[in-house]
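Structure record follows, encoded as structure tokens.
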Amino acid sequence: MQTKKEQPAVFADALNQRAFVVSIGTGAAMLVVGIVLWINGWGVALERLSDARVLSLLIALAGIIGAVLSRRGRAAQGVGLILAALYVSVLLTVLSMANLGAATAAITLLLTFSVTSFVIPSTNMARYANIAAVVFSVFAVLLDIFQPFQRLVNPYPSLTWVLATLLLLAYGALLLRQYRSYSLRVKFIIAFLAASLIPLAALAFLNDRNTRAIL
Numbered sequence: 037m038q039t040k041k042e043q044p045a046v047f048a049d050a051l052n053q054r055a056f057v058v059s060i061g062t063g064a065a066m067l068v069v070g071i072v073l074w075i076n077g078w079g080v081a082l083e084r085l086s087d088a089r090v091l092s093l094l095i096a097l098a099g100i101i102g103a104v105l106s107r108r109g110r111a112a113q114g115v116g117l118i119l120a121a122l123y124v125s126v127l128l129t130v131l132s133m134a135n136l137g138a139a140t141a142a143i144t145l146l147l148t149f150s151v152t153s154f155v156i157p158s159t160n161m162a163r164y165a166n167i168a169a170v171v172f173s174v175f176a177v178l179l180d181i182f183q184p185f186q187r188l189v190n191p192y193p194s195l196t197w198v199l200a201t202l203l204l205l206a207y208g209a210l211l212l213r214q215y216r217s218y219s220l221r222v223k224f225i226i227a228f229l230a231a232s233l234i235p236l237a238a239l240a241f242l243n244d245r246n247t248r249a250i251l
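Under the working numbering, the first residue of the sequence shown is numbered 37, with each subsequent residue one higher.
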């Protein structure tokens, strides 16, 4: 039987282990995404740091560093680094490239909610991360709706949606795994986001395809 002193240590070890799994999984997934993008864009000059090939490898690097931090008992810092790299990448992507708002919003929200609920539930950091994810996602979608300035056109629309779908399935499975432990309020938020983002993503995909067909 564990004593009261041992229980916090066991709980911390469990969180560190979860953070390590998430960090390694995220790093490996984004490394694969980066390799696919580099192969698909072979021969295309790298003209800006906001290129998806660079940003995917940035998140992969953050995942590897996050895994190292988790092994050293710093789960929150490791997860925070991954989320920070994600938000920077999302911001640079939507500012430089059009018609990616729905995809990036869905990935940002699902990755953030799944990671925070799995590793750092019911903490101030989790709440701030979830709020930041909502803000970045709304900003990304609004940019595509109003188009306030000229941006580049996504050169790999089909590949983008395939990779986005695979990431959504992976982190969606992680989110559903913890669904039973969520409070009623969190369940309502997840249901609302799903009901809003799924039609929005479908509309954005159809709009992008029709625009390309017209052009």
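Cβ atoms here follow ideal geometry from the backbone N, Cα and C, with glycine treated the same way. Model, not experiment: these values are computed from the prediction.
Secondary structure at residue 178: helix, using DSSP grouped into helix, strand and coil. Annotation for residue 196: the continuous alpha helix (DSSP H) segment containing it runs 193–213. In the structure shown, the three-state DSSP call for residue 80 is coil. Within the same chain, Cβ atoms closer than 8 angstroms to the Cβ of residue 66 are found at 92, 93, 95, 96, 99, the five residues on either side in sequence being excluded. Shown here for residue 114: same chain residues with a beta carbon closer than 6 angstroms to its own, the five before and five after excluded, namely 55, 59, 102, 105, 106 in chain order. Annotation: residue 109 is outside any alpha helix (DSSP H) and is labelled neither H nor E by DSSP. Boundaries of the alpha helix (DSSP H) harbouring residue 143: 137–155, taken from the DSSP string. Within 10 angstroms of the beta-carbon of residue 135 lie 16 or more other beta-carbons, which makes it buried. Residue 63 and residue 173 have their C-alpha atoms some 22 angstroms from each other. Per the DSSP secondary-structure output, residue 133 pairs in a beta bridge with 188. Residue 212 and residue 179 have their C-alpha atoms spaced approximately 30 angstroms apart. Selection 160, 185, 122 evaluated against residue 132 yields 185 as nearest (Cα-Cα). The three-state reading of DSSP puts residue 158 in coil, since its state is none of H, G, I, E or B.
Between the C-alpha atoms of residue 199 and residue 72 there is a straight-line separation of about 9 angstroms. Pairing residue 168 with residue 119 gives a Cβ-Cβ distance under 9 angstroms.
Our two residues, residue 82 and residue 159, have alpha carbons roughly 40 angstroms apart in a direct line. If you draw a 10 Å sphere on the C-beta of residue 154, you find 16 or more other C-beta atoms in it, and that means buried.
Non-local C-beta neighbours of residue 162 in its own chain, meaning closer than 8 angstroms and more than five positions away in sequence, comprise 152, 153, 156, ordered along the chain. Residue state for residue 53 is assigned as helix, using DSSP reduced to three classes.
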